Each structure stands twice: as C-alpha cells, then as structure tokens.
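To start, the structure itself, in structure tokens.
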Amino acid sequence: MNKIRSCLHIWLSALALATVLFMPPMAIAHAVLVTSTPAIHETVKGPEISIRMKFNSRIDGAHSRLLLVDSNGKVQTLILVPQKSPDTLGTSGITLGAGAYTIRWQALAADGHITRGEIPFTVR
Numbered sequence: 001m002n003k004i005r006s007c008l009h010i011w012l013s014a015l016a017l018a019t020v021l022f023m024p025p026m027a028i029a030h031a032v033l034v035t036s037t038p039a040i041h042e043t044v045k046g047p048e049i050s051i052r053m054k055f056n057s058r059i060d061g062a063h064s065r066l067l068l069v070d071s072n073g074k075v076q077t078l079i080l081v082p083q084k085s086p087d088t089l090g091t092s093g094i095t096l097g098a099g100a101y102t103i104r105w106q107a108l109a110a111d112g113h114i115t116r117g118e119i120p121f122t123v124r
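In case it helps, the numbering used here puts the sequence shown at residues 1 to 124.
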C-alpha cells in the first residue's frame, strides 16, 4: 500500500510540474504607459493640441478615460477618439490657452486591471 501511495505521489508531482512548465504564459502585468504626446513636463505649442498615449498592452478604450485639469483645478472629461491600435488612447482638437495642465488617465488593460497616472504639461 505504501508503494502505491509513493508511486501516486510521484506521478501527481510530475503531472503538476508538467502543467506549470507547459502552461501558456498569462498576462499578469498591468498596463504601463510607454509614451505620450504631450510627454511628461513637456511644453507644447497651442492653442490646439492632441493627446496620444501608447501602452505596453491592449487597452479597453470603452472603459478607460482621460481627464484634463487646468491650473485652477477645473476638471474636464475628454472624449476619446476611436483607438488606432489596441494599445493606444487619445483625443484631438482640444483648444487650450497658455498655462499649466495635467492629464489624468485611467486605463483598463486586457488583463482586467486598472492603472492610473498623470501627465503634467504646459501650453505656451
């Protein structure tokens, strides 16, 4: 009986190891902002700007958002344009006066995790 248990234990251990080794990798990383226009702390020429953000993974554009905060703390929700590729978010045709602004972004990645960040920039 002990021999059977020992063999069964070895077989189950080998099966568990094989499962881990041959299982396809899972997407466990959150979306990370790779590049943005405007870039962090960049000074851009106004008055009309576009915002483009590229991430390291697929983004659910329908459940992500961009907010624009001016130097007085006024928050404006930005309307996202259709995604040109599944790893991007953006908007266009925003008219801004000279001053300091911050883009607050929230992205829902394909792995189901939400990441957030800020991009401060200046319009001249």
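Yeah, the Cβ is synthetic: ideal placement off N, Cα and C, and Gly gets one too. Just so we're clear, the structure is a prediction, and the values are computed from it rather than from any experiment.
Nearest to Leu67 (by Cα), restricted to the options Ala39, Gly90, Thr43 and Val32 = Closest by alpha carbon: Gly90.
Could you check what DSSP says for Ala27 in three-state terms: helix, strand or coil?
-> Unreliable placement is indicated for Ala27, whose pLDDT of 45 sits below 50; the coordinate value is still reported in the next sentence. Ala27: coil per DSSP, three-state reduction.
Between which two residues does the beta strand (DSSP E) carrying Ala62 extend?
-> No beta strand (DSSP E) holds Ala62; DSSP gives it neither H nor E.
Glu48 to Ala109, Cα distance in whole Å?
-> Answer to the nearest angstrom: the Cα atoms are 29 Å apart.
Hey, out of Ile51, Val34, Asn72 and Asp70, whose CA is closest to Ser57's CA?
-> Out of Ile51, Val34, Asn72 and Asp70, Val34 has the C-alpha closest to the C-alpha of Ser57.
Compute the distance between the beta-carbons of Thr115 and Ala31, then report whether it is under 8 Å.
-> Their beta carbons are under 8 Å apart, which means Thr115 touches Ala31 by this criterion.
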